[in-house]
Amino acid sequence: MKVERIKEILDAEILAGKEHLDIEITSACGSDLMSDVLAFVKDQALLLTGLVNSQVIRTAEMMDIRAIVFVRGKVPDKELIDLANQKEMVLLTTKHPMYIACGLLYSSGLTCGGEG
Amino acid sequence: MMISLHYEVDGQDFALAGEASSNVKKVLKQLGVKPDIIRRVAIAMYEGEMNMVIHANGGIADVEITPSKIVIIMQDTGPGIEDIELAMKEGYSTAPDAIREMGFGAGMGLPNIKKYTDQLQIISEVGKGTRLEMTIFVK
Ligand SMILES: Nc1ncnc2c1ncn2[C@@H]1O[C@H](COP(=O)(O)OP(=O)(O)OP(=O)(O)O)[C@@H](O)[C@H]1O
Ligand SMILES: [Mg+2]
Chain A
1066 MKVERIKEIL DAEILAGKEH LDIEITSACG SDLMSDVLAF VKDQALLLTG LVNSQVIRTA
1126 EMMDIRAIVF VRGKVPDKEL IDLANQKEMV LLTTKHPMYI ACGLLYSSGL TCGGEG
Chain B
1120 MMISLHYEVD GQDFALAGEA SSNVKKVLKQ LGVKPDIIRR VAIAMYEGEM NMVIHANGGI
1180 ADVEITPSKI VIIMQDTGPG IEDIELAMKE GYSTAPDAIR EMGFGAGMGL PNIKKYTDQL
1240 QIISEVGKGT RLEMTIFVK
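So the sequences go chain by chain: A and B.
Mapped onto my numbering, the consecutive letters of the first sequence carry residue numbers 1066 to 1181.
Mapped onto my numbering, the consecutive letters of the second sequence carry residue numbers 1120 to 1258.
What follows is the structure, encoded as structure tokens:
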């Protein structure tokens, strides 16, 4: 599923990386605990989180995650957005809370999210 | 061939934490190291770097890259770890609430380091500091 489609499903706004909306996503991870995310290794993953500090970008960078959705209408500050642009990441923000956002993506076919 | 990298990790600046790991990742990419090896090195070092920032007020990191292995040594002069076996348990954390609100303090960092490295040695003395040596073999 392309990031473009994820943006539509979540009725999300683009905060960074509008030139990278064709990135292909095959799995997703929703968490507010960075070490939880760091335990999750999947290729072409999407990260959904309610956290908006710069370590979200660092964590994504280490994981080779290139697309992040901030849930519950969270919008990070400019510094974080600049950092994401530097790393060529896509940032989206959606009004939906975490549970709904994950549910919407899951029921639209983005079902890979576990170990293994 | 051996490449040695040295970093001073600032314990005061939470926003900057992870810079050293980010730099190592970039160097490994330039060297053409396999992506899955790079990811394991990056995650393990980043967890170690965050631990030094969160628990030990910073420290130093040395990375040695050879064709056969990558060795990361992280040293701090922080409070030390009293019970290493306990600290290695998933979920064990002494991180304060302010750190939890930033998304850390799940007690998963050391278990993650163990998971992503081939060898891990931790030496720690209360009141003196902690030294982590992580090895990842390049197959
Ligand atoms: N460099 C260090 N100096 C002193 N204590 C440390 C150090 N690294 C880890 N610890 C201790 O070991 C505990 C477990 O570390 P671990 O990285 O597994 O979890 P955490 O840092 O608390 O949470 P997380 O890594 O999930 O964000 C820490 O809470 C802390 O008490
Ligand atoms: Mg930790």
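Note that the Cβ used here is the ideal one computed from N, Cα and C, for glycine as well.
Within chain B, not a single residue places a beta-carbon under 9 Å from that of residue 1151 of chain A; the smallest gap is close to 10 Å. Using a Cβ-Cβ distance cut-off of 8 Å, the stretch 1085-1100 of chain A and the stretch 1223-1243 of chain B are in contact, since at least three pairs of beta carbons, one from each stretch, lie closer than that value. Taken through DSSP and simplified to helix, strand or coil, residue 1151 of chain A comes out as helix. For residue 1166 of chain A, no Cβ of chain B is located within less than 9 Å of the residue's own Cβ.
Taking C-beta separations shorter than 8 Å and ignoring five residues to either side along the sequence, the partners of residue 1177 of chain A in its chain run 1091, 1092, 1093, 1107, following chain order. Look at the stretch 1105-1116 of chain A: the residues with a C-beta under 8 Å from a C-beta of chain B are 1106, 1114, 1116. For residue 1228 of chain B, the secondary structure class from DSSP, reduced to helix, strand or coil, is helix.
Listed along chain A, the residues sitting closer than 9 Å to residue 1221 of chain B by beta-carbon distance are 1099, 1116, 1118, 1120.
Judged by the Cβ position, residue 1133 of chain B fails to qualify as a neighbour of ligand 1 at the 8 Å threshold, every heavy atom of the ligand being at least this far. Residue-level contact check: residue 1147 of chain A does not touch chain B, since none of the beta carbons of chain B fall below 9 Å from its beta carbon. Residue 1186 of chain B is classed as exposed because its beta carbon has fewer than 16 other beta carbons within 10 Å across all chains shown. Of the heavy atoms belonging to ligand 1, at least one sits nearer than 8 Å to the Cβ of residue 1231 of chain B. Residue A:1131 holds the alpha-carbon nearest to the alpha-carbon of residue 1084 of chain A among A:1141, A:1095, A:1173, A:1131. Of all residues in the stretch 1219-1250 of chain B, only 1219, 1220, 1221, 1222, 1223, 1224, 1225, 1226, 1227, 1228, 1230, 1231, 1234, 1235 come within less than 9 Å of chain A when Cβ atoms are compared, listed by chain position. Cβ contact annotation for residue 1200 of chain B (same chain, cutoff 7 Å, sequence separation greater than five): 1206, 1243, 1249, in chain order. Counting of Cβ neighbours within 10 angstroms places residue 1122 of chain B among the exposed residues, the total staying below 16.
In its chain, beyond the 5 residues on either side, 1178, 1179, 1250 have a beta carbon closer than 6 Å to the beta carbon of residue 1194 of chain B.
Around the beta-carbon of residue 1164 of chain A, fewer than 16 other beta-carbon atoms lie within 10 Å, marking it exposed.
A distance criterion of 8 Å places the beta-carbon of residue 1243 of chain B beyond contact range of ligand 2, judged by its closest non-hydrogen atom. Residue pairing of residue 1129 of chain B in beta bridges, as defined by DSSP: B:1177. Just measuring C-alpha positions, the residue of A:1149, A:1095, A:1109 sitting nearest residue 1171 of chain A is A:1095. Counting along the chain, residue 1127 of chain A sits inside the alpha helix (DSSP H) bounded by residues 1120-1128. Straight through space, the alpha carbons of residue 1118 of chain A and residue 1221 of chain B are spaced by roughly 7 Å. Short note on residue 1228 of chain B: C-beta closer than 8 Å to some heavy atom of ligand 1.
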